[in-house]
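Chains as they are written, first to last, in the working numbering: chain A, 1 to 191; chain B, 1001 to 1570.
One structure is given here, and the rest of the page talks about it.
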Amino acid sequence: MTFGVFRAAAAALAVACLGQAALAQSIEEKAQVCAGCHGEAGKPTDKAYPTIWGQNQGYLYLQLRDFKLGNRKNEIMNGIAKDLPREDMMALAEYFSQKKWVNLDQPRASEADVKRSETAITSGQCGACHGADGIGAGTTPRITGQSHDYLLKTMEDFRSKARANNPWMSDILGTLQPEDLQALANFYAGR
Amino acid sequence: MVSKLRQSLATLAFTLSAGLMASGAAHSQEIKAASKWGDMNTVTQDLLNRAAGDGNNFLHTNGNYSQTRYYPNRQINVSNVGKLRPAWIFQTEVKESLETSPIVVNGVMYVTTSFNHVYALDARTGEELWHYKHKMGPITVYCCGPNNRGVAVYGDMVFMATLDAKLVALDAKTGKQVWEQEIADPELGYSETMAPTAVDGKILIGTNGGEYGIRGFVKAFDAKTGKNLWTFHTIPENSVGVWATKDATGRDMHRNIDAEKAQLAKTGDPFKTLGGGVWQNPAVDLETRRIYFVVGNPSPDLDGSLRPGDNLYTDSLVSVNLDTGQYVCHFQYIAHDVWDLDSVSPPIITTVADKDGKPIKGILHAGKTGHVYVHDAKDCSLVRFSEAMVPQENMWTLPTKEGARMLPGANGGVEWSPMAINPNLGLTYAINLHQPMTYHVESSNYPAGKLWLGGAFKVIPSEEQWGNVSAVDYNTGKIRWQVKTAQPMIGGILATAGGLVFTGEANGMFKAYDAETGATLWKFQAGAGVNAPPSSYTVDGKQYVVVGAGGNTQIDYKRGNSIIAFTTAD
């Protein structure tokens, strides 16, 4: 009796481990696909590609979901997310959020850009959500240290509503001038 | 499936820990005998029912089921309040907005912080008994800070609702989790900051999310198991209503009913994403088995074009049956609100004079509009509304793309801050904000659970902001006294049988006022914004007043992490 129970428990344990290994493997495998653009070691292969290593989990998940739903438009990412089930999106988000954020060694913003950014940050209350340090949390992204070219493009996309998956960000950035966006991209990239 | 598994794991963990404790090993977290009357930690329903007359404990977020926040002990009173001194200060691990109402059971105090920590403290000394940190899920969406307003107590358990929209039950003695239940899906914009209400084996809870296109509710869960017992949707499937053109005070709201009707024909009833959060506690009437709560704003806040109709039951007082969640009655203050001037401050049950001066069971609610509304509890109808406690200008001018100025600003008037009453004086005490804003509209489609304001509210930087404490005669609607404060007020207020009213300010001042005249009788500088409702309790025969000083995220008041208990110097 005891032995039987033990064996059953052991078997269950083994299955659980296998299951976990299989899942872990498939997530690592799936993550391999991402490395082609988002980087083998967290540094994206192109300046237009965002850093996703060390990004906040809730945010990563919601972006994948939005790419899948088509609420955020990008040919590459819409294709990649199209067939991802929710569990995979969540697991990928968790996987990348646990990696260390990579310093891209981008230049610090000029004094004029810092000044211009500070005004924009006060009026747009960026710190209220992204935090005073721009690190965000949960479903709000880290923007400090993000790739400059990507930051600028995505802010311009919000402004023009080419990126339409967060109307609030579109509204805030809509109240700023194009030069503000340039200053902000320089400022956050180089912090 | 997953949640069921998680629940059984939690149960297992609980059984294990309970087993360990029973094995007799002295447990380091064991709570000491709480008072000289012995260790009576079990919170019975009878104890909860009698809270209004309980001069020892503070058992409900708003004092008692009627939510009067009127504490019956008079040991600290107008003649000795000048001698009030800090008895102890406890510093939490989290330096962020404190909105907790301390709950005290036989000398044990329970407080919560931002990001869902719970502390049990020795109410005499401030010594920590246990500390629980909620393991937050990856998805949290909340508009106005990672706040939490406290716990409910029932039996041997302590209950808290979390930012990731879960309800957790903790063992009151150890702080160990007994069960956890999902209240709603945070991915769709649901989150929790309110304290639950415990009554007759049920845990009642509403939801945040009026800024995210949720469909609001109040739910009842079984206190022992976490099973969902009933759900009342604050947004009925027919949310259109009567096409009301005037607000509760008779002012025209400038609705374009024809355009709304055309939109309704085109897109149908918007009930699925219409908002209507409930994020403050219901008042409970055990005599009639009814609860009374207020429902928040429609989604999106500023853009009415996508949500034709009165948007029932947003911006309303609603009553439902305690046992079944069945609708009883409602009263809508603002139909088709496009200013976020909704209803948040928790309702109070008390005897009021009806229009003929006859005493009836009444309901009080303070609106962001700056009025105290007085209702007949029988059918929710409006008996009267008070003079405006803050300036009102250009009401109801519609939001525009460029921004239209209107007062009050979108935070009120009275925000979530609970009122307190003194039934002997017939006064209700409210704290107010004066924050001039412009209202901007910018239409966008439902963004799948993300922030959906339909525009923006902007503080006008050149205009002065301030606040006030107002005492309103609820039998006449007249303001009895008012004290202006340097900053807009958010937090809460406590009245006591000692003829006092306690409330705190953003600049760190915590003050006691004479309930009858508004004279400042005592003050203390807490070092961070006092933006939480105070509580009072008595242990070993000594009365204390306690409050959190942690500032406020939403209007960016100086953060801190102190729970401060005061008592009179001997």
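Glycine residues also receive a C-beta, built at the ideal position from the N, C-alpha and C atoms.
is_contact[B:L1427, chain A] using C-beta, thresh 8 angstroms: By this cut-off, B:L1427 is not an interface position.
Between the CA atoms of B:W1279 and B:Q1435 - distance to the nearest angstrom: About 22 angstroms.
Extent of the continuous beta strand (DSSP E) to which B:W1230 belongs: Taken as a continuous stretch (DSSP letters only), the beta strand (DSSP E) holding B:W1230 covers 1228–1233.
B:P1423 vs B:Q1067 beta-carbon contact at 8 angstroms: Note that the C-beta distance between B:P1423 and B:Q1067 is not below 8 angstroms.
Cβ contact check for the segment 1069–1080 of chain B and the segment 1498–1511 of chain B: 3 or more pairs under 8 angstroms: Yes, the segment 1069–1080 of chain B is in contact with the segment 1498–1511 of chain B.
Minimum Cβ-Cβ distance from B:L1451 to chain A less than 8 angstroms: Closer than 8 angstroms: yes.
The segment 1125–1142 of chain B: positions lying closer than 7 angstroms to chain A by Cβ: Those residues of the segment 1125–1142 of chain B placed with their C-beta closer than 7 angstroms to a C-beta in chain A are P1138, I1139, T1140, V1141, ordered along the chain.
A:S110 burial status per 10 Å Cβ neighbour count (16 or more: buried): It counts as exposed.
Supposed close pair B:Y1483, B:F1510 - CB separation, criterion 8 angstroms: Before going further, note that residue 1483 of chain B is Val rather than Tyr in the sequence given. That pair is no contact at about 14 angstroms.
CB of B:F1159 within 8 angstroms of CB of B:M1136, strictly: It is not a contact, given that the beta carbons lie outside the stated cut-off.
Distance between B:E1192 and A:L201 (C-alpha atoms, nearest Å): Since the first residue of chain A shown is 1 and the last is 191, residue 201 of chain A is not available in this structure.
Completely contained beta strand (DSSP E) runs for the segment 1141–1182 of chain B, where each covers 3 or more residues: Qualifying beta strand (DSSP E) stretches, in chain order: 1152–1154, 1157–1161, 1166–1171, 1177–1182.
Contact set for B:N1041: own chain, Cβ-Cβ below 8 angstroms, skip 5 residues either direction: Once the five neighbours on either side are set aside, the close Cβ partners of B:N1041 are I1031, A1034, V1105, N1106, V1108, D1156, A1172, K1173.
Given 8 angstroms, three or more beta-carbon pairs between the segment 146–154 of chain A and the segment 110–120 of chain A: Three or more beta-carbon pairs separated by less than 8 angstroms are not found between the segment 146–154 of chain A and the segment 110–120 of chain A, which leaves the two stretches without contact.
Distance, B:A1512 Cα to B:K1523 Cα: Each residue's Cα considered, the two are about 6 angstroms apart.
Contact list for the segment 1244–1276 of chain B against chain A, Cβ threshold 7 angstroms: Going along the segment 1244–1276 of chain B in chain order, one finds no residue with a Cβ nearer than 7 angstroms to chain A.
Bridge partner(s) assigned by DSSP for B:R1405: Paired residues: B:T1438.
Neighbour-count burial assignment, A:Q182, 16 or more Cβ in a 10 Å radius: Its Cβ being crowded by 16 or more others within 10 Å, A:Q182 is buried.
Through-space distance from B:V1459 to B:T1400, alpha-carbon basis: Taking the CA atoms as reference points, B:T1400 sits about 15 angstroms from B:V1459.
From B:Y1557, B:D1356, B:P1488, B:Y1071, residue whose alpha carbon lies closest to that of B:A1573: Nothing about residue 1573 of chain B can be read from this structure; chain B reaches only from 1001 to 1570.
Below-8 angstroms beta-carbon distance, A:P167 vs any chain B residue: Chain B, which has a Cβ nearer than 8 angstroms to the Cβ of A:P167, makes this yes.
Minimum Cβ-Cβ distance from B:A1456 to chain A less than 8 angstroms: It does; some Cβ of chain A falls within 8 angstroms.
Chain A contact residues for B:E1442, given Cβ-Cβ distances below 7 angstroms: Listed by position along chain A, the residues whose Cβ is nearer than 7 angstroms to that of B:E1442 are D171.
Assigned secondary structure, B:M1395 (DSSP; H/G/I helix, E/B strand, else coil): It is coil, neither helix nor strand.
Residues from the segment 90–103 of chain A in contact with chain B, defined by Cβ distance under 8 angstroms: The residues in question are M90, A93, E94, S97.
Min CB distance A:T154 to chain B below 8 angstroms: In terms of beta-carbon proximity, A:T154 stays away from the interface with chain B, with every pair separated by 8 angstroms or more.
When B:P1146, B:P1102, B:N1432, B:N1445 are compared against B:Q1465, the one with the closest alpha-carbon: When only C-alpha atoms are compared, the closest one is B:N1432.
Residues of its chain near B:Q1554, where Cβ-Cβ distance is below 6 angstroms and the 5 sequence neighbours each way are ignored: Once the five neighbours on either side are set aside, the close Cβ partners of B:Q1554 are C1144, G1145.
Endpoints, the alpha helix (DSSP H) within which B:K1202 is located: Following the DSSP letters along the chain, one finds B:K1202 in no alpha helix (DSSP H) but inside the beta strand (DSSP E) bounded by residues 1202–1205.
Alpha helix (DSSP H) segments (min. 4 residues) lying fully within the segment 83–148 of chain A: As far as the segment 83–148 of chain A is concerned, its whole alpha helix (DSSP H) runs of at least 4 residues are 86–97, 111–124, 126–130.
Contact list for A:G138 against chain B, beta-carbon separation under 8 angstroms: Chain B residues near A:G138: M1136, P1138, I1139, T1140, V1141.
B:M1395 beta carbon less than 8 angstroms from that of B:G1413: Between B:G1413 and B:M1395, the gap from beta carbon to beta carbon reaches 8 angstroms or more.
A:G58 at chain B interface by Cβ criterion, 8 angstroms: Taking Cβ atoms only, chain B reaches closer than 8 angstroms to A:G58, which makes this a yes.
Separation of B:I1235 from B:N1311, as counted between CA atoms: Taking the straight line from one Cα to the other gives about 8 angstroms.
Whole-angstrom distance between A:Q55 and A:W101, CA atom to CA atom: Straight-line spacing of the CA atoms in A:W101 and A:Q55 works out to 7 angstroms.
Assigned exposure category for B:L1427 - 16 Cβ within 10 Å defines buried: Of the residues assessed, B:L1427 falls on the buried side of the cut-off, its CB having 16 or more other CB atoms within 10 angstroms.
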